[in-house]
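Beneath this line is the structure, given in structure tokens, with notes to follow.
Chains as they are written, first to last, in the working numbering: chain A, 1277 to 1818; chain B, 10 to 333; chain C, 489 to 695.
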């Protein structure tokens, strides 16, 4: 009851005209920032951080600056789906799963339906998460504390288990793609050993090549290739994602469409949009799975919204009566990841506010914003700063409603993009890919890598190599490896820490159940298709 | 070819006129590239964005200051980028102790850290030893006894390998004959959370990182690695007070440096700019709230301070075997 | 297609072997390091070395490649059954013009700044690959970089590469100073006016 009263007050504060106005502006800015591949919510929030001083001077309400930043974050989460659906480029790792079915829907001329589904699923996911958030924040943050290194690794394993359904029918090519993505994630600086690794063509290799061609002793004045600049920061997610989708897939489409001028016959009409809203009832299942699963994965620090959206897509597909329709433009396949990534993004605010640790890069920047505003997120935040916390939570409800309305209102504009002649749209997409990659990492090396990956992806695409698993593996790879090695460091190289509840971690003889249960579920999920396949073979022989 | 030559000559001429005007009094003519030697959201990033916000809010600079994160290779990327910028007068960087340790550990970088322009040291961050309250430890002697009884099952979490946290842990192991296992994490926040969740047994977080859990009573400070007690934790002794034979303190610098080759006029301009940031109420409040120490040190004094720190870190890293 | 499938799998297999070798590599400055000594699961009681995870991933890649080669020989994968060419003449020409155009674009960005690069690339693509009228191509390739300039460099202060120093001093610094001193409304107005210009020329081109 106390919570309800506090929440009502919070919502009322968030609905005051100045805060409502900020939420609307923030959502619109976020929507466009999120829709541009590369810029994304991280940059949107980081860039507009200093702007909050202007807001504070104008309103003198302690909650206003954060309401504005949170609205940008929210808007960007909605916006991510827009570039996934209309351009086919996931602007953020959380929106990769949205391309799987959103893009086919757009190509079939149902872009409006895909956008509406994404918007409404996002709204439901965000609202479900906000309700959980306001009701059970302290309890949920204690759950998050129980997830240490082995638990997070087991969770990553569970996310990988859902990969199995994502590739094509060609098993070795899917495997190659997963391994390759995971390996790309290891390039660069290794946190645990404190050393660089897989720095391609480093000074040692350059010298070796020069000596091989007979330039011995010239090592001092070699034509210096800056391997540190190229690889020390590692291979970032967007470099691969924009390369694969913005360049590779685009070249493939140009080749496939052969001089045809328009891409799709997209009609824009009010009645079609209304029909799409009513059609949401077909996607209730994906929405439900996404809203709940997304939130619980999202509150776990270090996991973030990407495994949440991916696992929701996987689960929706696994439990579907017609799994073959996924990837061909099934609205459930848009609803599940979109509900999940909004739900998880709200969830990711929870460890940030109650534990002071960000679950994603964007919440990290929001955290920096809170610090600048003299707030120290931590376990006592709810008790110490209620005048700030509750209006912010209240603004989640408001921002959600604002975001879905703004998003629906802007759909005709985004559809208009699809009606551009393809010979104008294609160079615009290339340009956005280049400028977006640069904006994301401030680095020309990454832009070059992005284009090389794109051309390589096009060649592999012709040969039916599925590349979505590689793109997702790059996101999850860093965390997975780090948690695996931290756990094995703890256990002196003993894998029992993952599968046995009786492994003694701290010399006190405690039992740990979360990691083993998660690991076993993941192992069963990975093995299940193989067992079923083997049983089918045996039965066929008998 | 001829065209290129003409262009290059024009370029050189333009560069010269710019240099000539700069000799009088430096005023930035384009957005300042403000490099952060760490990823988004970390301690250094928070501080850098606070500095940027203070500059923007008080309108201390006539052009925007644009933060860019270059976190690769524990600062290697940032250092090598800064050594190669084409306009050193508009490139500054926020640094931490990896400014000393990274060039020492990665000689292949060919970076000379004394070539960077000393602009200003904004603060020195402090380190405190923390344990979970359920361990029932409150003094350093109890800590030593408990760690010894646990053998190699006592785990210390920290940010990065051979980093500040690792150096302190190595020191504890060596000076007191302990066998603490050190697990590197990506950021201080994750360490603090795992300590509160009893996934690790101790940490040497900065006060700013552990403050939330200290206030909620989950974690307890044991000793501070400073020369005097921290005003925020008056009951927590320094290591030198808690242990008779100890003579150890360790700090993390939070400094702003200019790219190698920055003109003296530009360096003077940025020193003045950051002196104003340092003096601002926001910065002073932040410094007190987060238990930061250290006065504003600039120019030659800062270079002297670096020389001392570099020598100091070389000794420490050699002793621990991280470098040869 | 079959030959391309085979050759690709072999190239990727060689890449995997190189990555396996590369995983066992030590830091460049450590001359006493023995190759392969960092791929163990528990080295000196401090857990897996830095080469452990990439080594086994690269091994997994190699195994997948061998499997792909086996499938190619047994003709069980679709590309290995196909008689179509890997790339026909159109595809080759298209890759050359588009891929080459992109690389040229990036070189322009390195030397002559992001926005000039965009202008030239847009013009090249629309005029020569898209075969749009000259007038429309020119207007589009001026308006698009102008929009992006206003959005990234001025409004969001997300500074893009400026190319060679003389170009920056002679062109971008005065331009930046001019636009930064304008109000947001003026900038929005610039945005809308240039957009209207683009829409008008598109309409003219259609007729």
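In this text, a Cβ means the ideal position worked out from N, Cα and C, and glycines have one as well.
Endpoints, beta strand (DSSP E) assigned at residue i
i, result
"residue 1567 of chain A", "Premise fails: residue 1567 of chain A lies in the alpha helix (DSSP H), 1560-1574, not in any beta strand (DSSP E)."
"residue 41 of chain B", "41-45"
"residue 643 of chain C", "First-last for residue 643 of chain C: undefined, no H or E at that position."
"residue 164 of chain B", "164-168"
Contacting residues, own chain, Cβ-Cβ under 6 Å from residue i (five flanking each side not counted)
i, result
"residue 1574 of chain A", "1581, 1584, 1620, 1623 and 1624"
"residue 79 of chain B", "44, 86, 87 and 90"
"residue 1373 of chain A", "1585, 1586, 1589 and 1613"
"residue 14 of chain B", "Residue placement at residue 14 of chain B is poorly supported in this model, since its pLDDT is 43, which falls under 50; the coordinates are not used for a value here."
"residue 602 of chain C", "648 and 649"
"residue 1658 of chain A", "1665"
First through last residue of the alpha helix (DSSP H) which encompasses residue i
i, result
"residue 114 of chain B", "107-114"
"residue 227 of chain B", "Looking at the DSSP string, residue 227 of chain B is not in any alpha helix (DSSP H), and its letter there is neither H nor E."
"residue 615 of chain C", "Premise fails: residue 615 of chain C is in no alpha helix (DSSP H) and is neither H nor E."
"residue 1675 of chain A", "1662-1694"
"residue 264 of chain B", "That residue, residue 264 of chain B, is in no alpha helix (DSSP H); its beta strand (DSSP E) goes 261-267."
"residue 156 of chain B", "149-158"
"residue 581 of chain C", "577-600"
"residue 652 of chain C", "No alpha helix (DSSP H) contains residue 652 of chain C, which DSSP labels as neither H nor E."
"residue 1551 of chain A", "1546-1554"
"residue 569 of chain C", "566-569"
"residue 1319 of chain A", "1316-1324"
"residue 1457 of chain A", "1447-1460"
"residue 529 of chain C", "Residue 529 of chain C -> no alpha helix (DSSP H), and no H or E assigned at all."
"residue 656 of chain C", "Note, residue 656 of chain C: premise wrong, no alpha helix (DSSP H); not H, not E."
"residue 298 of chain B", "290-298"
Same chain, Cβ closer than 7 Å to residue i, five either side skipped, listed in chain order
i, result
"residue 1722 of chain A", "1512, 1515 and 1713"
"residue 1675 of chain A", "1299, 1303, 1346, 1347 and 1350"
"residue 1710 of chain A", "1723"
"residue 296 of chain B", "132"
"residue 1364 of chain A", "1375, 1379, 1521 and 1525"
"residue 1400 of chain A", "1563, 1567 and 1615"
"residue 1362 of chain A", "1382, 1387, 1690, 1693 and 1694"
"residue 1702 of chain A", "1526 and 1530"
Those residues which DSSP pairs with residue i across a bridge
i, result
"residue 209 of chain B", "Residue 209 of chain B is not bridged to any residue."
"residue 306 of chain B", "B:130"
"residue 1465 of chain A", "A:1472"
"residue 190 of chain B", "B:164"
"residue 233 of chain B", "B:137 and B:247"
Sequence-distant residues of the same chain with beta carbon closer than 8 Å to residue i, five excluded per side
i, result
"residue 1431 of chain A", "1423, 1573, 1576, 1579, 1583 and 1794"
"residue 66 of chain B", "291"
Pull out every residue of the segment 1509-1529 of chain A whose Cβ sits closer than 8 Å to any Cβ of chain C, in chain order. 1523 and 1527
At 4 residues or longer, and completely inside the segment 69-141 of chain B: list those alpha helix (DSSP H) runs for me, N to C. 85-92 and 107-114
What residue ranges within the segment 1754-1815 of chain A form continuous alpha helix (DSSP H) runs of no fewer than 4 residues, ordered along the chain? 1772-1775
For the segment 530-546 of chain C, which residues have a beta carbon sitting closer than 8 Å to at least one beta carbon of chain A? 530, 533, 534, 535, 536, 537, 538, 539, 540, 541, 542, 545 and 546
Listed from N- to C-terminal order along the chain, which residues in the segment 1451-1470 of chain A have their beta-carbon within a distance smaller than 9 Å of any beta-carbon of chain B? 1464, 1465, 1466, 1467, 1468, 1469 and 1470
Members of the segment 641-657 of chain C near chain A, C-beta cut-off 7 Å: 644, 645, 646, 648 and 649
Residues of the segment 658-683 of chain C with a CB closer than 8 Å to any CB of chain B: list them in chain order, please. 658, 660, 661, 664, 665 and 668
Looking at chain B, which residues of the segment 1771-1803 of chain A have a Cβ within less than 7 Å of any of its Cβ atoms? 1782 and 1783
For the segment 1715-1732 of chain A, list every residue whose C-beta sits within 7 Å of some C-beta in chain C, in sequence order. 1715, 1720, 1723, 1724, 1727 and 1731
Identify each residue in the segment 55-88 of chain B for which the Cβ-Cβ distance to at least one residue of chain A is less than 8 Å, and report them in chain order. 55, 58, 59, 61, 62, 65, 66, 76, 77, 78, 79, 80, 81, 82, 83, 85 and 86
What residues in the segment 503-518 of chain C have a beta carbon less than 9 Å from any beta carbon of chain B? 515, 516, 517 and 518
Chain C contacts from the segment 104-132 of chain B (Cβ-Cβ distance under 7 Å): 115, 116 and 117
Along the segment 197-208 of chain B, where does the CB come closer than 8 Å to a CB of chain A? Name the residues. 198, 199, 201, 202, 203, 205, 206, 207 and 208
Could you list the residues in the segment 1425-1442 of chain A with a C-beta less than 7 Å from some C-beta on chain C, going in chain order? none
Taking only beta carbons into account, state which residues of the segment 1692-1710 of chain A come closer than 8 Å to chain C, listed in chain order. 1697, 1699, 1700, 1702, 1703, 1704, 1706, 1707 and 1710
With 7 Å as the limit, tell me which residues of the segment 211-225 of chain B have their beta carbon closer than that to any beta carbon of chain A; keep them in chain order. 220, 221, 222, 224 and 225
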